Structure formats: structure tokens, C-alpha cells
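First the structure, in the form of C-alpha cells, and then the observations on it.
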DNA sequence: AGAGGACCTCAAAGCGCTTTGGCTATTCAT
DNA sequence: ATGAATAGCCAAAGCGCTTTGAGGTCCTCT
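Protein chains in written order, with the working numbering: chain A, 15 to 354; chain B, 15 to 354.
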């Protein structure tokens, strides 16, 4: 059933039927009802391809996904997707993933925009002065950044958690417990979230006249193995920390293993706090010693971003608003006072 | 630059230009070259929306993604996506994710097909007599199943690993080491992969006159916590196994924790083998006791499926072929002879 | 009574491509 | 030399929608 058939059936023009269905004002309410009824009864659905060609709108959101032998999409992405789906289903909102080689992201963005494949895009894992953000801003396609960039010189829409405050508060707690030597196992320092976290830790230490020695910081891709190695090298170094902050639960697994391998205990010898993105399949309370965490559901973030993207599609959200969520600090058994 | 402008510029009809670009035979080779040159020089790219409307082909592949409060997309999906991306980038092949409530999958499939949003779809986590497969078969859209269904009564295209053989071989190895009481911590038994794995274990045991007691089997969602609980209940039951087979590395984390909590050792008291889907962020060789695994890269599978889907789009693959990959058994320190 | 709005509706022109059916040379066999 | 076959190209008709520009009715006000 297409528009022509439907309008013939109703003895109306295609124009009127189209307008009735799309809520234009110049249609009599009676007519509109009649049309809506008939449409529903005959299961008429406008052909999206045709609509797309006519309007230039795709009704989908996009994500340019870097892949490649050297690139591992991180498991957080799946939680993000779950959240996105939570909102998007029920709104018939689809997501287009455009895989790309890491060094061709810009080309891919241009292609996606030129082809009008999607009406808005979502950007993840931003870096300072992220070129993608600049590009999208130039291209004029609506977008939202999950996380934040820095030093861009213009406003852009983002949704981030307060990484700095989270790690500040966590570090302050450790300091209050008497820890002066705090170690940080961070994610890739090229990404803004890691920068903010480090900044938070530094600020907390500075407030007590302490500093974060470079030798107590590691910035690595967030795998269990890297968590292990980083912990090993921290604890076996010449200035071993008595407390460790860790940027992910997965790295914390490695940290726990390292601490145990060295014959140390948590929290007796080493206190441990990690950031928890809230995975259903790995929970901090189930660690051998329940883990104190800074917690923020990445799934909830995904849902919120989908909501805002949808608002952009329908023209409801238009200014480049930034949104920052506070992060919970959840205390569990993995921290204790520093040995004196 | 659109087709009309390009053809005007070349003093050719749109027909000829279109045909030249799409490789139709009724174009002189000289003309074709001339057209191709001009197209490249002016950066002409056919408008996908227009092409879509005219041909009914979208040039994209689809995935109907169940979500909802009760649904956790599992972390394997991200690895699968990586693999898919490995192939798809470089082919300008995009993936459309259509989120759906779990109880409306069928509706969503129908919508996606009716809208011609995609030319082929990929189906994951199949169950026996999976209704999605029946539906897609009826709807006549090309598709590929990652995994297998059973008892469908018709052939369909799939790509699966040999779960039965993998777990058969793993169980046989344990038996050869003298284990008579083998436990199985499986995934959701509603899914075919879990059924095949259990079948493999049973067959191996049967070959030695042993059986897999129901009380030594657990079928649960694959989380660390469930791995822990299942292990606890197995080892504290009235017929504790001396060896455990585990359907995922994540559950194996929980198993290791349970075994340790009970004051038992690996492999002294309990031998452990798990299936490894090859995550970059969690490796069996880095477990406190390196884990023996059945290994199969889910990322490689993703890549292969993308390749076959692309073949379907271009009409190269047409018969409903099934493809089964063998699985490696990688022996590491987590298994030993049974205590006598 | 006639002008001016308000309110509805319509025909037709896009959107940019593919594909059908036909036309004109040229080549080939007879 | 003639008819058929073939190669190469074109005009125009879709694909199914949205949107523009143009009426046509009916009511109200002066």
C-alpha cells in the first residue's frame, strides 16, 4: 500500500493525505481522522526510502566505529549500546555503525554526512581538541559527544560524567585514611577522561600538600594484563604506593592478582579503589575483597544520549549544551588506614 | 554533483553514464573510461537515497538487537563487532542496529524488512527451532546465523564453531586424566551452543561408561557471579566434581574465586577448563593458574560473517550453506590427574 | 452586494537514480 | 546488395514521497 493507493481510496489527493499524516495544520480535523483511520486499517506505512529522497532525512543516528588489528573496541561499548537500545526501541530509532580504519575516520565522517545516511551522530572516547568534533561542527550535522574534549574554542553538545570530582573524592578519601603514597593506574592518557581523572587525583593530593609522582602513574589500555603489569611495576618500584586508584574494574582484576602474587593483602598492605562502569557480568562487590568504587552506569549514559539525539532529530534540542553527571563513591572493604 | 550535471558535462545521457559507472555491457569501453575519469575527477558519488528508492537496495546489513531491563547484551558482541568491522571497513559496508524489546523481535524484523532498510541481516544467539530463522526464511531476506538452530526442517545459512567437538575433546582429556566426576557450568541452555556443549560432554563421558549427572550441571547467564555461585553449589553438593568445564572465561573468574574461597587449589583439587572467545582484555594465560581452554576467536567469526553477508549482497553467495569451524584445545596449567 | 479572509484541497514539480523500450548506425551473412 | 543481427546510445517512465503554488468554498464584515 502506497500513498497513491491510499489517497485514491479516500478520494483525496496525495498532498492532503501526506499532510494529514504528518500533522500539518492546513487539514480539516475530520479529514485528518478519516485519513489516520484508513492508514491504520490498511497498515499503510510511508516508504522510508522515498521519504528520505524527498526530505533528505534518514531518521537514523550514526556512529563511526574505528576498527583494525590494532584497535580493540572496548567492552564498555556494549553497555553503552544496551543503554542506547533502552531508549531507542519504542522509538523506532536505529543506529548505523560505520566501521572505519583508525586513520580514515575523517573520510568516513565525510562520507556518512555527504550520503545523508544519518541525521545525527554520536562520538565516543574524545581527546583534547578532538578533530572529529571540529569536523562535525564544520559539517553542520547534529552530534553529541560522550565524554568531553578540551580547548576547542567553541561550544558543543556533550554528556560526560564528572571524572575529575570522582577521582578527586576517591583520592581524598585515601588521604584521609593516611595514605600519602597514592598510585594511579589510568587509561590511555590521550583521552580526556583519563586526563580529568589524573587531574582530580593531583588536586586532592595538592590540597594536602602532597604530589602525584610521575613514577606512581601508569597510563595504559584497560586490560586485565595491563592492570597486572602496572600494579607490579608500581609495587616493585622504588616508591611503592600504599593505595592504588584504578580506572577500570577489568584493570582492577589484574591489580588484585598482582597484589596477591606479591604476597600482599588488600586492604592490609594496599588499599584499592577502582572506577566501575557497572557491568552486569563483573561486579565490584564480588571481588575477593569487595572493591570500593567510583560508580557510574555507562548504560544510563547511553540511554540519555539516545534521548538527546532523538531530541536533536526532532529539532527539540538545538543549542550545544554540555551535561555533567556526578559520580557515586561506594565504599567497600578494599580500603583501610595506612600502616604507620 | 549529481548524475544530470555529470552527464550534461560529458554530453551523454544519464542512462549511459549510469550504465558506464555500474559496469553494464552496452557501453563502449572508451566511453566508459571517459565517464569513469570524469566521475573521479569531479568526485561524483551517486546519491544513495536515490539509488535506494530506484533499486530497493540499501547496501547495508542489519542486526535486530534485543534490549530491555532484563536483557544484557553480552560482551562477546563487541568482539563480534570488531571482527565485522575488520571486514566491513574498506568495503564501505555499514551495519544497522535496530534495538527491540525482547518480546517484539518479530515485529521489528518485519518492519526492517518491509522498510527495506537493509539487504541482509545477521542473527545471533540462536535457539533450537528459532522462530527468527523461520521468519526470515519466509520473508525471503538474505541472512546468516551466527551459531546454529536445530530441527527447523529446512536449510539455512550459518556459521558456527564446533561446540560439541570442543567440549567433547575437553571432557575426554579430563577423563583420560582420571576424572570421573566432571562438572559443567554452561550458558543459558535455551541456546543451541549450550546444548551442543553439554552434548559433547555427555558423549565423551558415555564413551568411557560414565554419565553426566544432572546435579553436576549448571546452566546460567554467563557472569562472574553466576560462575562463582555455580561452582560453589557444585563443589559443596553431595557429589562434588573433581574437574569443571566452564562455558566462558568470565564465569571461570567466578569459578576460580569459588575454588579459592573453599580452600581448594587448581589443579590439585579441581581441574578447570573454560571456553575462550579470545578477548583482548582477559586472557586465560594470565589467570592465577593459567587456564586450559577451548579457544575460538569470536572476532574472526565476525569478520567471516561480514564477508559472507557481503557476498550475499552482491549475489555471490546464494545457497543456504552451513559452515562449522573446528575449535582449538589449548592445554595450560589448570588441569592435572585426578587424585586417587 | 462585494471584498477579504480562513480554511481546505489539489495538480504538479521536484528529490536523483535505474531501467525499459526504442532508435540509429555499423557489421555480418547471404 | 539486402536483410538480420549487434553495438551503442538516448528519452522517458518509473521508484514513493514532500512541498510549492494555485485555486475553490464558505463565512464575515462593511
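The beta carbon of each residue, even a glycine, is placed where N, CA and C say it ideally should be. None of these values were measured; they are calculated from a predicted model.
Should residue 99/B be flagged as near chain A, meaning a C-beta pair shorter than 8 Å?
Using beta-carbon distances, residue 99/B counts as an interface residue toward chain A, with a partner under 8 Å.
Between residue 169/A and the rest of its own chain, which residues show a CB-CB distance below 6 Å, the 5 nearest in sequence each way excluded?
334
Touching or not, the region 272-283 of chain A and the region 340-350 of chain A, by the rule of three or more beta carbon pairs under 8 Å?
yes
For the alpha helix (DSSP H) that residue 151/B lies in, which residues bound it at each end?
145-153
Residue 322/B to residue 78/A, Cα distance in whole Å?
22 Å
I'd like to know whether the C-beta atoms of residue 295/A and residue 106/B end up nearer to each other than 8 Å.
Going by C-beta atoms, residue 295/A is not nearer than 8 Å to residue 106/B.
With 9 Å as the limit, tell me which residues of the region 266-293 of chain B have their beta carbon closer than that to any beta carbon of chain A; keep them in chain order.
Answer set for the region 266-293 of chain B: 267, 268, 271, 274, 275, 293.
State the DSSP-derived secondary structure class of residue 231/A, mapped to helix, strand or coil.
When DSSP states are grouped into helix, strand and coil, residue 231/A belongs to the strand group.
Alpha carbon to alpha carbon, what distance is there between residue 252/B and residue 134/B?
50 Å
Just the chain A side, please: which residues come within less than 8 Å of residue 91/B by C-beta, in chain order?
The contact set of residue 91/B on chain A, defined by CB atoms closer than 8 Å, consists of 92, 95 in chain order.
Just the Cα atoms here: how many angstroms apart are residue 213/B and residue 203/B?
11 Å
What residues from chain A crowd round residue 242/B, counting only those whose CB sits closer than 8 Å?
300
Thinking residue 197/B and residue 248/B are a contact (beta carbons under 8 Å), I'd like their distance in whole angstroms, please.
5 Å
What is the DSSP secondary structure of residue 309/B, counted as helix, strand or coil?
strand
Find the nearest neighbour of residue 142/B within the set 179/B, 162/B, 201/B, 178/B, judged by alpha-carbon distance.
Scanning 179/B, 162/B, 201/B, 178/B for the CA closest to the CA of residue 142/B turns up 162/B.
Report yes or no: do three or more beta-carbon pairs, one from the region 172-188 of chain B and one from the region 211-230 of chain B, lie closer than 8 Å?
yes
Can you list, in chain order, the residues of the region 39-66 of chain B whose Cβ is nearer than 8 Å to any Cβ on chain A?
59, 61, 62, 63, 64, 66
Run the CB neighbour count on residue 353/A, radius 10 Å, all protein chains shown included, and call it buried at 16 or more, exposed below.
exposed
Show which residues of chain B have a CB atom less than 9 Å away from the CB atom of residue 236/A.
Within chain B, 295 have C-beta atoms less than 9 Å from the C-beta of residue 236/A, given in sequence order.
By the three-class DSSP mapping on this structure, what secondary structure does residue 342/A have?
strand
Does the distance from the C-beta atom of residue 40/B to that of residue 172/B stay below 8 Å?
no
Use the C-beta contact count for residue 56/A: other C-beta atoms within 10 angstroms, 16 or more gives buried, fewer gives exposed.
exposed
Using a Cβ cut-off of 8 Å (strictly closer), state whether residue 110/B contacts chain A.
yes
DSSP beta-bridge partners for residue 114/B?
80/B
Counting along the chain, where does the alpha helix (DSSP H) carrying residue 221/A start and finish?
206-221
Quick check on residue 87/B - is its C-beta less than 8 Å from some C-beta in chain A?
Taking 8 Å as the threshold, the shortest C-beta distance from residue 87/B to chain A falls below it.
Identify the contact partners of residue 130/B in chain A, using a Cβ-Cβ distance below 7 Å as the criterion.
Among the residues of chain A, those whose CB is under 7 Å from the CB of residue 130/B are 63, following chain order.
Give me whichever residues DSSP pairs with residue 200/A in a beta bridge.
233/A
Of all the options 109/A, 262/A, 118/A, 276/A, which has the alpha carbon lying nearest to the alpha carbon of residue 307/A?
262/A
In chain order, what residues of the same chain lie with their CB nearer than 7 Å to the CB of residue 245/B, ignoring the 5 residues before and after it?
199, 258, 268, 269, 272, 273
If I follow the unbroken beta strand (DSSP E) through residue 136/B, where does it start and stop?
134-138
Between the C-alpha atoms of residue 108/A and residue 65/A, what's the straight-line distance to the nearest angstrom?
16 Å
On the three-state DSSP scale, how would you describe residue 253/B?
coil
Can you tell me whether DSSP reads residue 160/B as helix, strand or coil?
In the three-state reduction of the DSSP assignment, residue 160/B falls in the strand class.
With H, G and I counted as helix, E and B as strand and the rest as coil, what does DSSP make of residue 15/A?
coil
To test your reading of the DSSP string, which unbroken alpha helix (DSSP H) runs of 4 or more residues are found completely within the region 247-293 of chain A?
263-275
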